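Let me begin by presenting the structure, written as structure tokens, before commenting on it.
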Amino acid sequence: MSKIVWNETAARWFRDAAEYTQFNKKLASLLLELIPERGTLCDIGCGLALTDIELAQHFERVTCVDKSAEAVELASRCVEKSGLSNIEVIKADGRELEGQWDAVITLFHGTERDFTGRYPRLARGTFVAAVHEGSKDGQSITGRKVQKPCTADTVTAALNDAKINYTAAKHSLEYGQPLRSLVDGMNFLRAYSDGANDAQLYDRLNTRVVETGHKDLPYYLPAKKRFSLIKIPREANPQL
């Protein structure tokens, strides 16, 4: 998958998917089961902060961090629209972040080095990472091999090598893309392809899209997001 380019259209796709699939609400529920602390929370690589908005009612203060100025601007608008007053959105690189929070999360962001190094140390209590399941070797729409980011297997192997105590649980949630129109679908696939031509994109759309009967989101590209939630408790890792 191509790197996310944060703009109004991408933000709308994420918001539509959150509303239609309830992915962020369901993910927040899974995270709450792993985090006993209810004081301060930091999300590194927050994107639009959609999961943080779902979590915020359970914490005293939530800090959302992203190094993309565009993501921070869009996340700030989402937070403002939510009406919540205990969420702060800041522009910063998580790898240079200073301070500590009761709990720290990172959702589909980061590397093996981050998870065995700086990120868990930012948590006084619990650090949780949501990491993609599957192989690092994937295939694009055009048939070319692509390298995915780190996976649960590579992260847990790195944690084992570093002698860091953790727990890991596999999950699968529906997280496809609802669409305003078929043109919207083509634009979505084009944004996340690796240069596939229109014929290839149309073939992907035509073979996968389903009609929803929803007035505003009449089409849907189904997809399952398979991931592991990896928990690193500070109390079990005094070396951190």
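Throughout the sequence shown, residue numbering follows the numbering used here, covering 235 to 474 in sequence.
C-beta: ideal position from N, C-alpha, C; glycine also.
All figures in this text were calculated on a predicted structure; none of them were measured in a lab.
Distance between residue j and residue i (C-alpha atoms, nearest Å)
i    : j    : result
L289 : Y454 : 26 Å
T360 : I321 : 19 Å
T285 : A430 : 31 Å
V313 : S319 : 8 Å
R438 : L264 : 32 Å
E271 : T441 : 45 Å
V362 : D432 : 39 Å
E408 : K459 : 6 Å
A251 : G410 : 7 Å
A425 : E445 : 21 Å
T345 : T274 : 23 Å
T415 : L451 : The identity of residue 415 in the sequence shown is Ser, whereas the question assumes Thr. Cα to Cα, S415 sits roughly 7 Å from L451.
V380 : H448 : Because V380 sits at a pLDDT of 46, beneath the cut-off of 50, its placement in the model cannot be relied upon, and the point is left open.
G317 : Q434 : 42 Å
C384 : L393 : 13 Å
S374 : F422 : Caution is warranted here: a pLDDT of 41 is assigned to S374, below 50, making its placement in the model unreliable, and the coordinate value is therefore given only provisionally. Each residue's Cα considered, the two are about 15 Å apart.
A337 : P412 : 32 Å
F257 : R246 : 15 Å
G328 : R352 : 9 Å
D418 : T255 : 18 Å
A357 : N471 : 11 Å
G377 : S462 : Residue confidence is low: G377 scores 42 on pLDDT, short of 50, so the model does not pin down where it sits. Its coordinate-derived value is still stated next. Rounded to the nearest angstrom, the two C-alpha atoms are 27 Å apart.
K259 : C280 : 15 Å
R295 : W335 : 10 Å
R468 : V323 : 25 Å
D371 : V239 : Annotation note: pLDDT 44 at D371 (below 50); position unreliable, no value reported.
G368 : R311 : 33 Å
M420 : S427 : 10 Å
K325 : A457 : 31 Å
V443 : K237 : 23 Å
Y436 : F248 : 21 Å
Y400 : V299 : 24 Å
E330 : K301 : 10 Å
E307 : E253 : 20 Å
Beta carbon of residue i nearer than 8 Å to that of residue j
i    : j    : result
T243 : C276 : no
T350 : A386 : no
I278 : H343 : yes
I219 : I398 : Lying before the first or after the last residue shown, residue 219 is absent from the chain, which here runs from 235 to 474.
N241 : E332 : no
A309 : L341 : no
I269 : V365 : no
S390 : A402 : It should be pointed out that residue 390 corresponds to Thr in this sequence rather than to Ser. Yes, Cβ-Cβ distance for T390 and A402 is below 8 Å.
R347 : L474 : no
Identified DSSP bridge partners for residue i
i    : result
Q411 : L455
V298 : A small fix is needed here, since residue 298 is Cys in this sequence, not Val. Note: C298 sits in a beta bridge opposite D277, V323.
F361 : V338, I466
R460 : S406
E445 : Y453
T388 : DSSP lists no partner for T388.
T350 : None, per the DSSP bridge assignment.
T401 : K465
H366 : F461
Rounded Cβ spacing between residue i and residue j (contact assumed at less than 8 Å)
i    : j    : result
L266 : H292 : 6 Å
Residue i beta carbon near the ligand MG (any heavy atom closer than 7 Å)
i    : result
D395 : Only the bare structure without any ligand can be found here, which leaves the ligand MG out of the picture.
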